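Q: In this note's numbering, the protein residues as written are 143 to 434. Here a beta-carbon is modelled for each residue, glycine too, at the ideal position from N, C-alpha and C. Note that this is a predicted model, so its numbers are computed, not measured. Structure in structure tokens, see below.
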Ligand code: HEM
Ligand code: HEM
Ligand code: SF4
Ligand code: SF4
């Protein structure tokens with residue numbers, strides 16, 4: 143597993159952003175199989191076709207998901223990625239970690255795999271990229287016995303449920319998203335580990351309609367917090383906004399001039415049911431017509 147010539151990939155390191163090519167090169171110094179990821183990708187850039195096969199099924203005994211099979215179709219030329227399976231590890235609620243836990247996880251992954259990671263996959267899991275079939279059971283044993291952590295969902299399983307930080311950090315949260323996510327994760331363990339559906343199935347939990355986990359776009363069961371009583375309006379706050387005494391977008395636009403705040407254009411006219419209006423300097427809402 144030697145270094146390959148990769149002129150096309152090398153060019154990607156020249157841009158202004160952090161480069162995955164640089165990251166993989168750094169990891170390859172420690173784990174030489176990573177040179178072959180770069181080698182096979184360079185070849186794909188040249189030939190304009192992927193050299194990853196559709197994996198087939200790999201996994202650990204008793205589970206029907208959590209590992210995604212990956213094999214390269216040129217194993218003689220790229221032996222380091224002959225097998226390069228992806229492991230999904232269920233993330234903690236809201237993705238809070240201790241550094242001790244992360245270090246232990248990385249030590250485990252350097253021991254059994256390539257050390258390449260993706261924090262996190264779109265679904266939410268910790269994604270560990272690249273290991274051989276024979277390493278799966280030893281990794282799984284250590285993960286579950288030494289770390290008390292578990293695989294996530296893949297394929298036609300219930301996917302690892304995910305939540306926004308909710309009331310652990312956010313003042314907008316209308317319910318305890320972590321509790322709901324944890325509870326349903328425990329309740330549906332069987333479905334997370336064994337495929338029960340004809341295709342993937344996802345739960346996501348957002349504490350309020352800001353929907354920071356994009357539950358409505360990305361899950362089959364979207365649980366989004368909303369308020370039960372009528373909308374309360376801080377009229378003094380409205381006046382301050384209209385007078386321009388609050389910075390636009392909480393200060394996120396600082397340094398740029400977006401012009402004076404226009405409550406009619408930026409708030410009232412955006413209501414889909416047109417149930418808001420201004421009466422003098424007071425904001426009014428017809429609660430019956432609010433469909434949030
Ligand atoms: C080293 C190269 C690769 C990286 C970094 C990578 C990264 C990822 C990530 C981050 C996810 C999402 C996991 C989640 O959201 O929970 C994923 C899933 C997936 N990737 Fe890759 N991937 C690689 C190679 C490939 C290849 C070569 C293919 C296809 C030929 C592929 C096809 C897929 C598919 C189909 C899924 C979804 C699996 C499922 O739903 O069960 N990946 N990959
Ligand atoms: C109109 C066509 C398509 C629609 C509507 C669609 C829709 C979706 C949706 C809703 C998700 C879930 C996203 C999330 O959980 O964040 C997803 C994930 C995914 N789709 Fe598609 N998709 C389409 C076409 C494709 C095609 C053509 C491919 C592959 C060539 C593909 C590969 C994937 C993969 C690999 C994922 C998992 C990504 C991840 O979890 O990180 N999709 N797609
Ligand atoms: S969805 Fe709402 S409650 Fe959850 S983090 Fe975003 S703003 Fe806060
Ligand atoms: S329907 Fe109108 S008033 Fe109700 S939450 Fe949406 S924008 Fe606000």
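#1: Sorry if obvious, but does the Cβ on residue 432 come closer than 8 angstroms to a heavy atom of ligand 4?
#2: Taking 6 angstroms as the limit, name every residue whose beta carbon sits nearer than that to some heavy atom of ligand 3, in sequence order.
#3: Roughly how many angstroms lie between the CA atoms of residue 317 and residue 200, to the nearest whole one?
#4: Rounded to whole angstroms, what's the CA-CA distance from residue 248 to residue 257? Just pull it up for me.
#5: Looking at the structure shown, is residue 352 part of a helix, part of a strand, or coil, going by DSSP?
#6: Quick one: does the C-beta of residue 420 sit closer than 8 angstroms to a heavy atom of ligand 4?
#7: Which residues in the same chain as residue 206 place their Cβ atom closer than 6 angstroms to its Cβ, once the five residues preceding and following it in sequence are excluded?
#8: Give the DSSP-derived three-state secondary structure of residue 177 in the structure shown.
#9: Would you identify the three-state DSSP class for residue 299, choosing helix, strand or coil?
#10: Under a three-way DSSP split, which group does residue 342 fall into?
#11: Quick check: residue 229 and residue 275, are their CB atoms within less than 9 angstroms of each other?
#12: With DSSP run on the structure shown, which of helix, strand or coil describes residue 289?
#13: Classify residue 199 as helix, strand or coil using the three-state DSSP reduction.
#14: Say the cut is 8 angstroms; is the CB of residue 427 nearer than that to a heavy atom of ligand 4?
#15: Compare the beta carbon distance of residue 432 and residue 373 with 9 angstroms and say whether it is the shorter of the two.
#16: Where does the unbroken beta strand (DSSP E) through residue 419 begin, and where does it stop?
#17: Tell me the DSSP bridge mates of residue 268?
A: The answer reads as follows:
#1: yes
#2: 306, 307, 308, 312, 314, 315, 348, 349, 350, 352, 353, 354
#3: 38 angstroms
#4: 7 angstroms
#5: coil
#6: no
#7: 336, 337
#8: helix
#9: coil
#10: Residue 342 carries a coil assignment under DSSP once its states are collapsed to helix, strand and coil.
#11: no
#12: coil
#13: coil
#14: yes
#15: Yes, Cβ-Cβ distance for residue 432 and residue 373 is below 9 angstroms.
#16: 418-421
#17: 231, 261
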